[in-house]
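Numbering (the UniProt record's numbering), first residue to last: 1 to 139.
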């Protein structure tokens, strides 16, 4: 089987055709946690389905995301084992309410960016694109 459509992501919108979605972000009002969780779980479901379209996903350990509610930012993740998806959520990353919490948030986002570059992208290259995990010059 070949990858459906022209996209390497689970959507054919814009630049997502050439660049995989590595971090989903959902922004909802404070009282809409369940709606935010449902939205991100729906995205994860589509993303896992697309990732498994023509290959077995072995190196991608989880899909990462962030839910923003007011000043509060939360980490969410989805794992897939034996066809069963598990959603981990409401893990505080920090907030924009104080300087200290803002610094916590910025550091958490830096850690996520490093994880995307050093872990997720090499796993995506190996599992989905069938390329070496590390990029060679000129790629």
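Just so you know, even glycine gets a beta-carbon here, dropped at the ideal spot from N, CA and C. In this text, all values refer to a predicted model and were calculated from it rather than measured experimentally.
Top-ranked residue by Cα proximity to residue i, from the options
i	options	result
residue 34	89, 132 and 50	89
residue 69	36, 20 and 51	36
residue 76	24, 132 and 122	24
residue 43	31, 57, 87 and 56	87
residue 129	58, 103, 91 and 41	58
Outcome for residue i when other beta-carbon atoms lying within 10 angstroms are tallied against a minimum of 16
i	result
residue 81	exposed
residue 135	exposed
residue 84	exposed
Cutoff 9 Å: residue i Cβ touching any chain C Cβ
i	result
residue 98	Considering every chain present, this structure includes no chain C. It has just one protein chain.
DSSP bridge partner residues for residue i (one or two, in chain order)
i	result
residue 103	Note: residue 103 sits in no beta bridge, so no partner.
residue 76	65
residue 94	73
residue 28	69
Coil, strand or helix - residue i by DSSP
i	result
residue 113	helix
residue 3	At residue 3 the pLDDT is 47, less than 50, meaning the model places this residue with poor confidence; the figure from the coordinates comes in the next sentence. DSSP places residue 3 in coil when its eight states are reduced to three.
Close beta carbons around residue i, own chain, < 6 Å, minus the five adjacent residues each side
i	result
residue 64	23 and 77
Residues near residue i in its chain [Cβ-Cβ closer than 7 Å; skip 5 each side]
i	result
residue 73	66, 93, 94, 95 and 105
residue 112	23 and 64
residue 131	125
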